[in-house]
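Okay, structure first, notes after.
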Amino acid sequence: MTVRRASQSYLAIPGDGKRQVNFATAMAVSSITALLPDTAKTFYRKEQTRLDVPDCTGQELYKRILTGEIGDISVEFLVTPKLATLFAAWGLGVAAAPTGTNPYTHALSELPLDVFQGPVFSAVFGFKGVANPLRLRACSVNSFSFAARARGQVTGRANIKFAEAAVAAGFTVPACVNEMPLFFGDCGLEVNSVSQAGLLRSFELAYNLKILTGDHAHTDEGVLATRFERDDRRERRLSYAILGDNSDQAYTDAEAGAEKSFALTLGTGNNKITFNAPRAQHELDGGGLRKDGQANETNIAVVATPMIDGATLPMNAVAVNAQSTAYLLTP
Numbered sequence: 001m002t003v004r005r006a007s008q009s010y011l012a013i014p015g016d017g018k019r020q021v022n023f024a025t026a027m028a029v030s031s032i033t034a035l036l037p038d039t040a041k042t043f044y045r046k047e048q049t050r051l052d053v054p055d056c057t058g059q060e061l062y063k064r065i066l067t068g069e070i071g072d073i074s075v076e077f078l079v080t081p082k083l084a085t086l087f088a089a090w091g092l093g094v095a096a097a098p099t100g101t102n103p104y105t106h107a108l109s110e111l112p113l114d115v116f117q118g119p120v121f122s123a124v125f126g127f128k129g130v131a132n133p134l135r136l137r138a139c140s141v142n143s144f145s146f147a148a149r150a151r152g153q154v155t156g157r158a159n160i161k162f163a164e165a166a167v168a169a170g171f172t173v174p175a176c177v178n179e180m181p182l183f184f185g186d187c188g189l190e191v192n193s194v195s196q197a198g199l200l201r202s203f204e205l206a207y208n209l210k211i212l213t214g215d216h217a218h219t220d221e222g223v224l225a226t227r228f229e230r231d232d233r234r235e236r237r238l239s240y241a242i243l244g245d246n247s248d249q250a251y252t253d254a255e256a257g258a259e260k261s262f263a264l265t266l267g268t269g270n271n272k273i274t275f276n277a278p279r280a281q282h283e284l285d286g287g288g289l290r291k292d293g294q295a296n297e298t299n300i301a302v303v304a305t306p307m308i309d310g311a312t313l314p315m316n317a318v319a320v321n322a323q324s325t326a327y328l329l330t331p
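Okay, structure coming up:
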């Protein structure tokens, strides 16, 4: 029996954020150019649906027939601005042409209300030193999150659904590239355009498309998914904690469910991404007051839920980096 550790697995992705031409056509392996850092933990599994077939008496089980199969990849990683931007582009679903000159500005936005199928891409999953890695067709980012606490590193999680796995013939594993991961001090939060520097103690940004993987994913008689459409209600949430107590205005506002904008930036200078919510309801999280750090100081715990603002969708992102081409282009 062969046993592999999570640290031996790898996931290769299109490093420039490209997408497939359509759901059914996998990208050439030459377009899958970047390796998630070896610090990432990648977990691969398949979700299968089977139907019971009774015997002729109607009392006993005769067979179980495979009726559906969907692949699932969960990834845990140390966040860089590049990785945060890639998952944001695939997850939010819309990318404009870059503006400016190096560094370039990339505007990312959510799928419109009448669009349910987001961009899909191809990836390669395998184990180091093992032949015949798998090319994963029609990968769709189902959810992503980025979190950090004071003095710590920024950690990320992503869940990806895929339609089919086949041997990635001719694939060469890309070289591992050293990139400095982000730390808490590389990030910043603004609430109603007011910086929370010096107060912020922790944050977690979470986005979930809640992709429909039941019968909705299958539009023919085959067992493989033919679409990965989002749920009607996407979930967006920013949880954060700042120094303070129940006498502070931030506590009073959250207790009242005040509506405020927020902007969370991961990275600095010419290499960063900012997630914006023009209108979000800020509420007390789990009662509002927590004790934190060596001295058990009081923190105000808040959860902010982005909401639609007129015709403006709840959340968008703006990335600044050296990439001159747009995200979500086809090869």
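Using this note's numbering, the letters of the sequence shown map in sequence onto residues 1 to 331. Glycine is no exception: its CB is placed at the ideal position from the N, C-alpha and C atoms.
- Please work out which residues of its chain come closer than 7 Å, Cβ to Cβ, to R4, disregarding the five sequence neighbours upstream and downstream, and give them in chain order. F127
- Item | Meets three-Cβ-pair contact criterion under 8 Å: the segment 57-65 and the segment 97-106 | no
- Segment limits, alpha helix (DSSP H) that includes G91: 81-92
- Since D309 is in the alpha helix (DSSP H), which residue starts that stretch and which ends it? Here D309 belongs to no alpha helix (DSSP H), and DSSP marks it neither H nor E.
- Task: Tell me whether V75 is buried or exposed, calling it buried when 16 or more other Cβ atoms sit within 10 Å of its Cβ.
- Result: buried
- Message: Tell me which residue opens and which closes the beta strand (DSSP E) that A165 is part of.
- Response: 164-167
- Query: Can the beta-carbon of L313 be found less than 9 Å from the beta-carbon of P119?
  - Reply: no
- Query: Which ranges would you report for the beta strand (DSSP E) in the segment 229-287 if only whole runs of at least 3 residues count?
  - Reply: 235-243, 259-268
- Quick check: the segment 138-153 against the segment 201-215, are there 3 or more CB pairs under 8 Å? yes
- To the nearest angstrom, report how far apart D186 and N178 are at their CA atoms. 18 Å
- Collapsed DSSP secondary structure at S195 in the structure displayed: strand
- Can you say whether S247 is buried or exposed, counting buried as having 16 or more other CB atoms within 10 angstroms of its CB? exposed
- Taking the continuous beta strand (DSSP E) assigned at N321, which residues delimit it? 316-321
- Message: Could you tell me the alpha carbon to alpha carbon distance between G156 and H218, rounded to whole angstroms?
- Response: 30 Å
- Query: Counting Cβ pairs closer than 8 Å, one from the segment 11-18 and one from the segment 29-38, do we hit at least three?
  - Reply: yes
- Query: Which first and last residues belong to the beta strand (DSSP E) in which T49 is found?
  - Reply: 41-54
- Since E76 is in the beta strand (DSSP E), which residue starts that stretch and which ends it? 61-78
- Message: Going by DSSP in three states, G15 sits in which element: helix, strand or coil?
- Response: coil
- Task: Could you tell me which residues DSSP pairs with R137 in its beta bridges?
- Result: E164
- Message: Strictly by DSSP, which residues pair up with V124?
- Response: A12, R135
- Inter-residue spacing [alpha-carbon to alpha-carbon] between E190 and N159: 27 Å
- Message: Tell me which residues share the same chain as G287 and place their Cβ nearer than 8 Å to its Cβ, disregarding the 5 neighbours each side in the sequence.
- Response: A301
- Query: Three-state secondary structure (DSSP) at V302?
  - Reply: strand
- Message: For a test of the three-state rule: what should DSSP assign to F23, helix, strand or coil?
- Response: coil
- Among R237, S324, S140, which one has its Cα closest to the Cα of A26? S140
- Item | R19 classed as buried or exposed, judged by whether at least 16 other C-beta atoms fall within 10 angstroms | buried
- Would you give the residue range spanned by the beta strand (DSSP E) that A107 belongs to? 104-110
- A225 in three-state terms, based on DSSP: coil
- Is the segment 276-295 in contact with the segment 247-257, if contact means three or more CB pairs nearer than 8 Å? yes
- Task: Answer yes or no: do V124 and F171 have a C-beta to C-beta separation smaller than 9 Å?
- Result: yes
- Query: Under the rule that 16 or more other beta-carbon atoms within 10 Å means buried, what is R45, buried or exposed?
  - Reply: exposed
- Message: In the DSSP output, which residue or residues are listed as bridge partners for A147?
- Response: T155, E204
- Whose C-beta lies closer than 6 Å to the C-beta of G257 among residues of the same chain, with five residues either side of it excluded? Q281, E283
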